Amino acid sequence: MSKTPILIPTISDLLDDFFVGYQPNAPVGVQARIDVVRNDLEQHLDLEGPRVLTTGQLAILATEKQFDPVGAFARTMHADDLYYALQHYLDVAHAFEEVSLRETQIDVVAALAETLWRKRLISERNVSECTVIEFEIALKRGRDELKKR
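In our numbering, the protein residues as written are 19 to 167.
Set out below in structure tokens:
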């Protein structure tokens, strides 16, 4: 009896699946903000995602970028890499100025991270405890900033 290999979804697959099911019945205005956040997140991953990669992963990413640099990070990396990048995306430097967009940004990131945990795409085996704590702090900091506005 042979084992069926398990395909590990790429970030691109994860984002597609997540956004299809994320607030599908939301009003048009909310959907528009979700789309803006998704596009911004994808651009962020291309620009800043490599910060979280190992040397071997950077080599894979460099090869993929030769074919098409846009979306290369999302096409080649996986859930744990996404989680590490999401923490960075919560930083004030990447925050939307408009309150409704910042709220959507924080809501999307929180829901996406929760989905990664719930579907067991990430765990304590592939995400450090320190990163989990730092992610929660970044999320709280983002929410607290919103309350001040």
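Note that beta-carbon positions come from the ideal geometry of N, C-alpha and C, so glycine has one too. It should be emphasised that the depicted structure is a prediction, and the values quoted were computed from it without experimental measurement.
Per DSSP, residue 158 is one residue of the alpha helix (DSSP H) stretching across 147–166. Going by DSSP, residue 140 is part of no alpha helix (DSSP H) at all; its letter is neither H nor E. Within the model, the alpha-carbon separation for residue 78 versus residue 123 is close to 29 Å.
Counting along the chain, residue 57 sits inside the alpha helix (DSSP H) bounded by residues 46–66. Note on geometry: alpha-carbon atoms of residue 138 and residue 30 lie some 17 Å from one another. Burial of residue 153 is indicated by the presence of at least 16 other C-beta atoms within 10 angstroms of its C-beta.
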